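Per our numbering, the sequence shown starts with residue 12, numbered consecutively. Okay, structure first, notes after.
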Amino acid sequence: MTEKIGVIGGGSWGTALAILLSEKGYQVEMWLRDKLQVEEIENSRENKKYLPNVKLPSNLKVTNDLEKVSFNKDVILLSVPTHGVRETLYNCKRYINKDQIIVNVAKGIENDSLLRISEIVKEILPQNKYSILSGPSHAEEVAKNMPTTVVSASEDKTVAEFVQDLFITPFFRVYTNPDVVGVELGGSLKNVIALGAGISDGLECGDNTKAALMTRGIIEMARLGEKMGANTSTFAGLSGIGDLIVTCTSMHSRNRRAGILIGEGKTLEQSIKTVGMVVEGIKTTKSAYELAEKYGVIMPITKEIYGVLYEGKDVKNSVINLMLRDRKHEMEDVIIDKNISW
Ligand SMILES: NC(=O)C1=CN([C@@H]2O[C@H](COP(=O)(O)OP(=O)(O)OC[C@H]3O[C@@H](n4cnc5c(N)ncnc54)[C@H](O)[C@@H]3O)[C@@H](O)[C@H]2O)C=CC1
Ligand SMILES: O=C(CO)COP(=O)(O)O
């Protein structure tokens, strides 16, 4: 067991995965940008701010130094929020060599560029092999060894399998998938729908409403995915419907919690502040809305959530807008695609 792993980003997810890898016996060093937080974690051996009540194993090192975390590692685990990926990668690029494997766990689409994380990594580190690890996996539950399943997606089968071996434990089961586009889009777009599910809960709409949002949500996610080159069956897997279910139903979900607050009438700023951790779906809603326009894809739920977050639309009107859309065949996409007459 020789792997040396640098974990860049010590929020809840980076910390949970750094613990998992350390407990497997790898040499793990985790980077946080906040020096005071590094000192606090070193003293208490706990990440009180992002993953409270979970002790760090003694072999897990913590640092504020990007050179230390990046240099001479076999694997770089990227666990900063999407909006920080580009800058962080630029800052550590000079310490990374072409043989290091980049494993990304952030779930988002960059604003303005509309790039997925693999595309940002390709731009900054074009020679490095890449895998995305994604699926229904709340850090709080992984840290308690609750059985969890995720998927490692890479264009390179050996890399997907290497990452599968690296992370797999008896309670953390890792599958592989070649569809990087589908896995990245599933993990990102589900956060938009989870905001909607939270808004629905905040408005005290019932379980029927949430089931509708989730079912119609995965359809519009897959519709965009197909246009962007994903395999639509990936959306029926762990990184698609699996992650959509957990994020729309769990109180661990920051996206759902932010949605609940918005549905209850709090402003976007108040909601983000109250959650206190990254709510990826807010920025991703903007990217998803723009991608839908760019690819000419109809995404009614995403459009309404964009209206609520960015155009000051009233949430109750958004529900009405969705319910009063033109009547449709449920499987319209399939009917058109397969040229079926009915
Ligand atoms: N928390 C979870 O259960 C899971 C999270 N993810 C994804 O992992 C990524 C990271 O999320 P969490 O660890 O949950 O976030 P978090 O909110 O717990 O922590 C974010 C960390 O990133 C740091 N950070 C914020 N902006 C930064 C920037 N511009 N540059 C560098 N560092 C920055 C913060 O200081 C903090 O240490 C997100 O994309 C999230 O969607 C994926 C699966 C599970
Ligand atoms: O992606 C996640 C679980 O799989 C985490 O979701 P939240 O960011 O909404 O907490």
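Using N, Cα and C, we set each Cβ at its ideal position, and we do this for glycine too. Quick caveat: nothing in here was measured; it's all calculated off a predicted structure.
Starting from Trp24, follow the alpha helix (DSSP H) in both directions and report where the run begins and ends. 23 to 34
If contacts are defined as beta-carbon pairs under 8 Å, then Ala205 and Gly270 qualify, I think. What distance do you get, rounded to the angstrom? 7 Å
Continuous beta strand (DSSP E) stretch holding Ala241: start and end: Ala241 -> no beta strand (DSSP E), and no H or E assigned at all.
Which of helix, strand or coil does DSSP assign to Ile107? coil
Gly292 and Asn202: beta carbons closer than 8 Å? yes
Return the Cβ separation of Leu214 and Lys327 in integer angstroms, given the expectation that the two are a contact with Cβ distance under 8 Å. 7 Å
Taking the alpha carbon of Arg56 as the reference point, which residue from Ser81, Val194, Ile30 has its own alpha carbon closest? Ile30
Collapsed DSSP secondary structure at Pro137 in the structure displayed: coil
So what's Thr180 in DSSP terms, helix, strand or just coil? strand
Where Gly17 falls: helix, strand or coil (DSSP): strand
Between the beta-carbon of Ile113 and the beta-carbon of Leu144, is there less than 8 Å? no
Return helix, strand or coil for Lys118, following the three-state DSSP convention. coil
Does the separation of the CB atoms of Pro68 and Glu34 fall below 8 Å? yes
Apart from the five residues just before and just after Val185, which ones in its own chain have a Cβ nearer than 6 Å to its Cβ? Val161, Ser163, Gln175, Phe178, Ile179
Contact under 8 Å by Cβ, Leu62 with Ala117: no
Applying the criterion that 16 or more other CB atoms from any shown protein chain within 10 Å of the CB defines a buried residue, is Tyr317 buried or exposed? buried
Compute every distance between the C-beta of Tyr101 and the non-hydrogen atoms of ligand 1, then say whether any falls below 7 Å. no
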